[in-house]
Amino acid sequence: MKKNTRTAFIRHMLENERSIEPSPEFSYKALIKSRQDYDEMYHRSIEEPEAFWAQMAETHIDWFKPWDAVEEFDFESDNPYVRYFRGGELNVSYNCLDRHLDGPRRNKAALIWQGEPNEEVDVYTYQRLHREVCKAANMLKRLGVKRGDRVVLYLPMVPQLAISMLACARIGAIHCVVFSGLSAEALKDRIVDSGAKVVITSNYGYRSGKILHLKDICDKALDMSPGVEACVVVRRIEKRTDMKVDRDVWWDDQMAAESPHCEPENMESNDPLFILYTSGSTAKPKGILHGTGGYLLYATLTMKYVFDLKETDIYWCTADAGWITGHSYLVYGPLSNGATSLMFEGVPNYPKPDRYWDVVEKFGVNILYTAPTAVRSMMKDGEQWVNNHDISTLRLLGSVGEPITSKAWLWYYSAVGQGRCPIADTWWQTETGGVMITTIPGAVDMKPGSAALPFFGISPRVIGSDGDDTAPNEGGSLVISRPWPGMMLGVYNNPEAFKNVYFPMPGFYLTGDGAYRDEDGYFWITGRIDDVMNVSGHRIGTAEVESALVSVLQVAEAAVVGYPHPVKGEGIYAYVTVKEGTVINDDLRAELCNHVRANIGPIATPDVIHFASALPKTRSGKIMRRILRKIAAQDTENLCDISTLSEPSVVNDLIQETKRMS
Ligand code: WT7
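Under the UniProt record's numbering, the residues of the sequence shown are numbered 1 to 662, in order.
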C-alpha cells in the first residue's frame, strides 16, 4: 500500500470501526476456512469436551501408553485441581523430535538460529537437533540429574537453550528457564525456590551490541545458592571466563564425550514438565507449574490452528524463550508439529530499526509472531524501514503480550502485512499454557484491537462484581468456567496460592484481566485489574518493585503504579517518601533505579521516581492506588471521591509536584 492510501485507510477504519474480512485467497487455503467451520468445531469442543480432547490427543500426540481418564477437575472446592489424560504415558521430546525422524522431516530445518551478529547463523535439522538433545540429556544424567529434579536454565537466545529444555523433557527433569535479563538476586530466588541441582548458563551474551556478563551474574546467584551441585557453561563468546573448580564445566567439553542416543523416559501425563516464574500481586513471583500431556496437546493444537501452520512455513516467534511465549510457540508448539522455528538472538532496533525486516527477508519468513510494543516502536521509527525490504513472503501476522490498540493493529496490518496478511491477536497467560482467545486466521472476521473469539474448548466469561455475566459492551472481570488441557497444574511450593489467586470465586479460573464482550461476542481485553503492570509485554508486579525500593535505607514508603507509555504500553511510576534528613537529589534517584535493577532486572527500572512528601491513604492506612494511578496518568480532572482519605490535602500536593516535574 502507498503511504497516502494507507494513511487514508487507517483513518477510515478508525472512524468507522469496521471489521475486516480475511481475504478469500487466504481462507481458501486455511485449515479452518470459514466462520461456520470454526463455530462447528467450537461447539463440539464445548458440548463434548472429553470426546473432543480425546480425539485431538489421539491424532496429534504419540503416546507410549493410553490414558485411563481424559479430563478430571474440580473448580468448586477448597482444593481445586485439573488433570488431563491420567494414566497416559508419553515423552515431550519424543513428540518434538523422534517421531519426525522416520519421514522427510528428518532433514528439515527444525531450528534456524540467527545470532545478534548478523554473520552468526546455524541450522539444526530434526536429526541434528535430536542428536544434540540426546547428548545433552546424557550430560545431565552424568551430572546426577534424575527424573523429577529441577534444572535452572539461565541462557540467552542460543540453540543450547532449546536443546537444554528438550534434554530435560527427555529424562523427566523439570526445567525452569530464567530470562537472561533478570538480575543475580532474581536468579537466586528462582534457583532456591525451585531447589535446582544444576544450572546451565553461558559465559557471555549479546544485547544491542553490548556484552552481557551472564556468568558473573550467575556466579553471584550461585554464591547464595548452596544446593547447586554443577553449573554448565555455554561458550557464547571466546573470552576469559572464571570457572569454579568442582562446580563449573564447559558445555562443549561435556557434550563431546556423550553418546547421541538416549532413550526417552516414559512420563505420566500429569508429571511436571516445567516451572516458569511470573509476577503477581505479591512481592514474590510464583512458580507456575505445567504438566506433560495436556500442555503438549494444547501447545501443539493452538500452534497448528492459530498460525494456520503449513509444512513448508518458516515461522518466527520473536519472544524470548525465557517467557511462556517462547516455551509454547518457539520450542514445544512448533517442534511438536514438525515445523521450522526461527530463533533470533537480537532486538528489533539494533543495529538499525529494520533488523526484523532484514531477518524476514533473509530467511523468507512466512509467519511472524511478535508483541505490540515492538509494533509501536517500529511504527515510531517510520515505515521506510519496512519498505526497504522485500517481506512479501509474510502471509500471517500474530500479536501477543498486551492489548494492541486499533491504531497499532492497523499499522501492522497495512505497513507490514500490506493488507494481505491476517492478524491473529492472541490473548493468553503464563498460567494458561497456550492461546485462549484469538482471531483464527482465515475463518473469522478481524476487529482491530479485539482479541476476538475463544479457542476450541475455552469458555471465557466476563462477570461483574455480583458474579453474573455483564451485558454486551459492559466491562467486567475475565474468567474461564471450564478447564482446558494447557492449564497450569499448580503453583510450585505453594498450593494455597493456586486456590487463593486463581479460584477466589468457586467455579471460575480468575485471569486477573478486565474485558468486555461486544454485541458480536468478540472479546476486548482492557488490561490487568490486579496490581500487575504490563511493561513492553512483560508482567511486573507493583509489589515486587515496591519491595525492592523500600529495601533502600533512606526510603520510608513506596507505591508503584503503571501509567500510559507510548512505546512500552505501560511505564513504571514510583512514588517514594524518604526518611527524615535524607537529601533528595539525582544520586538518590540513580541509586533507587540501580537497586531495582539489581533486585529484579533492567525491565523493572522505574521510568519516573516521584519523591512525595506523603502518600494518600484511607483512614485505615491503606494506600489509595486508584488515585496514584490517575495522578501518574495526569488524569486528575475527575479524581472521584477522596473524602475517605485521612488527609485529602496530600492529593493536591502530589498533583502540584507532578506539574512541577513535567
Ligand atoms: C498477561 C499475561 C501470553 C504470553 C505473554 C504474556 C496480557 C497477553 C494479550 C493480548 C491483551 C494480553 C494480559 C495477561 N496479555 N496477551 N493479546 N491482549 N492482553 O504472558 O507474562 O503471563 O502475561 O498479558 O494482561 O493477563 P504473561
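Ideal placement from N, C-alpha and C gives every residue a C-beta, glycine not left out.
### Query
Is Glu-496 helix, strand or coil when you go by DSSP?
Position 496 of the sequence shown, counting from 1, holds the residue named residue 496. DSSP places Glu-496 in helix when its eight states are reduced to three.
### Message
Can you tell me whether residue 663 is helix, strand or coil according to DSSP?
### Response
Absent from the model: residue 663. The displayed extent of the chain is 1 to 662, so no value can be given.
#### Entry: Which residues DSSP lists as bridging Asn-95, in chain order
Mapped onto the sequence shown, residue 95 falls at position 95. Answer is none; Asn-95 lacks a bridge partner.
### Backbone CA spacing between Ala-109 and Ala-339 [nearest angstrom]
Looking up residue 109 in the sequence shown gives position 109. Looking up residue 339 in the sequence shown gives position 339. When rounded, the distance between both Cα atoms is 8 Å.
### Message
Using a 10 Å radius around the Cβ and a threshold of 16 neighbouring Cβ atoms, would you call His-43 buried or exposed?
### Response
Position 43 of the sequence shown, counting from 1, holds the residue named residue 43. Exposed: under 16 other Cβ atoms inside 10 Å.
#### Entry: Beta carbon of Val-545 nearer than 7 Å to that of Val-560
Along the sequence shown, one-based indexing puts residue 545 at 545. Along the sequence shown, one-based indexing puts residue 560 at 560. Cβ distance < 7 Å, so Val-545 and Val-560 count as in contact.
### Message
Run through the DSSP bridge pairs and tell me what Asn-534 is partnered with.
### Response
Along the sequence shown, one-based indexing puts residue 534 at 534. In the DSSP output, where bridge partners are listed per residue, Asn-534 has Arg-539.
### Closer than 6 Å: Ser-539 CB and nearest the ligand WT7 heavy atom
By one-based count along the sequence shown, residue 539 stands at place 539. The sequence given here has Arg at residue 539, not Ser. Indeed, a heavy atom of the ligand WT7 lies less than 6 Å from the Cβ.
### Query
Just checking my contact of Lys-286 with Ser-225 at CB under 8 Å: how many whole Å lie between their CB atoms?
Taking the first residue of the sequence shown as position 1, residue 286 is located at position 286. Taking the first residue of the sequence shown as position 1, residue 225 is located at position 225. Not confirmed; about 19 Å, so no contact.
### Message
Ignoring anything shorter than 3 residues, give me the beta strand (DSSP E) runs that lie fully in the region 160 to 242, in order along the chain.
### Response
174 to 177, 198 to 202, 205 to 207, 210 to 212, 230 to 234
### Arg-528 Cβ short of 6 Å to the ligand WT7 heavy atom set
Walking along the sequence shown from the start, residue 528 turns up at place 528. Yes, the beta carbon of Arg-528 sits closer than 6 Å to at least one heavy atom of the ligand WT7.
### Query
Starting from residue 664 and walking both ways along the beta strand (DSSP E), at which residues does that stretch end?
Outside the displayed span of the chain (1 to 662) sits residue 664, for which this structure offers no information.
### Task
Could you have a look at Gly-326 and say whether DSSP puts it in helix, strand or coil?
Position 326 of the sequence shown, counting from 1, holds the residue named residue 326. Gly-326: helix per DSSP, three-state reduction.
### Task
Look up Ile-20 in the DSSP assignment and say whether it is helix, strand or coil.
Against the sequence shown, residue 20 aligns to sequence position 20. DSSP places Ile-20 in strand when its eight states are reduced to three.
### Query
beta strand (DSSP E) containing Pro-272: first to last residue?
Within the sequence shown, numbered from 1, the residue matching residue 272 stands at position 272. Pro-272 -> beta strand (DSSP E) spans 272 to 278.
### Query
Taking 6 Å as the line, does the beta carbon of Ile-423 fall inside it for any heavy atom of the ligand WT7?
Sequence index remark: in the sequence shown, residue 423 carries index 423 (1-based). Flag unset: Cβ of Ile-423 not near the ligand WT7.
### Task
Kindly examine the ligand WT7 and report whether one of its heavy atoms sits closer than 6 Å to the Cβ of Trp-428.
The residue given as residue 428 occupies position 428 in the sequence shown. Checking every heavy atom of the ligand WT7 against the Cβ of Trp-428, one is found closer than 6 Å.
### Task
Alpha carbon to alpha carbon, how far is Ile-46 from Gly-475? Give it in angstroms, no decimals.
Numbered from 1 along the sequence shown, position 475 holds the residue referred to as residue 475. Numbered from 1 along the sequence shown, position 46 holds the residue referred to as residue 46. Answer to the nearest angstrom: the Cα atoms are 24 Å apart.
### Message
Looking at the secondary structure, which residues open and close the alpha helix (DSSP H) in which Leu-297 lies?
### Response
Position 297 of the sequence shown holds residue 297. First-last of the alpha helix (DSSP H) with Leu-297: 293 to 306.
### Query
Over what stretch of residues does the beta strand (DSSP E) that includes Ser-477 continue unbroken?
The count along the sequence shown starts at 1 and reaches residue 477 at position 477. Here the beta strand (DSSP E) through Ser-477 covers 476 to 480.
### Query
DSSP three-state call for residue 663: helix, strand or coil?
This structure cannot speak to residue 663, because the chain is shown only from 1 to 662.
### Message
Please identify the residue among Ala-451, His-327, Tyr-305 whose C-alpha is closest to the C-alpha of Lys-33.
### Response
By one-based count along the sequence shown, residue 33 stands at place 33. For the residues Ala-451, His-327, Tyr-305, the minimum Cα distance to Lys-33 belongs to Tyr-305.
### Task
Could you tell me if Lys-197 is buried or exposed, where buried requires 16 or more neighbouring beta carbons within 10 angstroms of its beta carbon?
Numbered from 1 along the sequence shown, position 197 holds the residue referred to as residue 197. When all chains shown are included, Lys-197 counts as buried.
### Task
Please indicate yes or no: does the CB of Thr-542 lie closer than 6 Å to some heavy atom of the ligand WT7?
Translated into the one-based positions of the sequence shown, residue 542 becomes position 542. Thr-542: no, Cβ never under 6 Å from the ligand WT7.
### Task
State the start and end residues of the unbroken alpha helix (DSSP H) segment that holds Arg-625.
One-based indexing of the sequence shown puts residue 625 at position 625. First-last of the alpha helix (DSSP H) with Arg-625: 625 to 632.
### Query
Taking the C-alpha atoms as reference points, what is the distance between residue 663 and Ile-529?
Because residue 663 is not part of the residues shown, which for the chain are 1 to 662, the question remains open.
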